[in-house]
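Okay, structure first, notes after.
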Amino acid sequence: MGSAQNSSHAVHSRRVSSVGGYDNSSVSSRPTIILSIGCLSGVVFGGIHCLNWNVLFQDHIMWRVASLVIVSAPVSTLLLWGYGFWVGSLDNASGILAVIRELAFLVPLASFFIYIVARIVLIALILTSFQSLPPGTYDTVAWSNFIPHL
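Convert by adding 9 to the 1-based position in the sequence shown; the result is the number in this note's numbering.
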């Protein structure tokens with residue numbers, strides 16, 4: 010028996026079209042979409058931690074600063090990244106515009122590292138807050154009083 014050989018045209022004509030953005034037309038927009046989703050999730054994460062704004066505990070000022078950094082770093086990253094692409098698309102980008110273009114790509118990188126440091130600060134604050142729990146934390150709850158039973 011002989012083996013059947015398919016031409017490359019026949020193989021491509023029988024493929025099912027992919028759903029999920031694997032075609033060549035969407036390759037250039039994929040990093041922008043990934044960056045936008047990442048920045049949006051970072052803002053939501055920081056917003057959730059900003060809900061703890063009025064709770065007074067040890068080092069609540071550091072909590073507020075770290076939460077604001079976590080909200081603002083992704084926003085600045087997205088805005089400066091977009092601005093860098095806009096300035097980069099200008100044909101006569103020379104002099105001060107060239108410097109601004111380079112800064113618009115370097116500042117988001119610095120913002121990323123500041124974001125990571127703020128996340129580490131929040132983790133450290135959470136772990137150190139376990140040292141000074143209120144006394145009611147250790148009270149035993151009589152669960153049988155709260156659960157309906159026969």
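All C-beta atoms in this analysis are idealised placements derived from N, C-alpha and C, irrespective of residue type, glycine included.
C-beta atoms of residue i and residue j nearer than 7 Å
i: Trp72; j: Leu115; result: no
i: Gly55; j: Ile79; result: yes
i: Ala127; j: Ala75; result: yes
Nearest neighbour of residue i, chosen from the options [CA to CA]
i: Val84; options: Arg128, Ser50, Leu106; result: Ser50
i: Leu112; options: Leu89, Phe122, Ala127, Tyr124; result: Leu89
i: Cys48; options: Leu60, Val64, Gly91; result: Gly91
i: Leu136; options: Asp68, Val64, Ile43; result: Asp68
Rounded Cβ spacing between residue i and residue j (contact assumed at less than 8 Å)
i: Ser138; j: Phe94; result: So it is not a contact: roughly 41 Å between Cβ atoms.
i: Tyr124; j: Ala151; result: Tyr124 to Ala151, Cβ: 44 Å. No contact.
i: Phe121; j: Thr86; result: 7 Å
i: His58; j: Leu131; result: 6 Å
To test your reading of the DSSP string, which unbroken alpha helix (DSSP H) runs of 4 or more residues are found completely within the segment 55-115? 69-97
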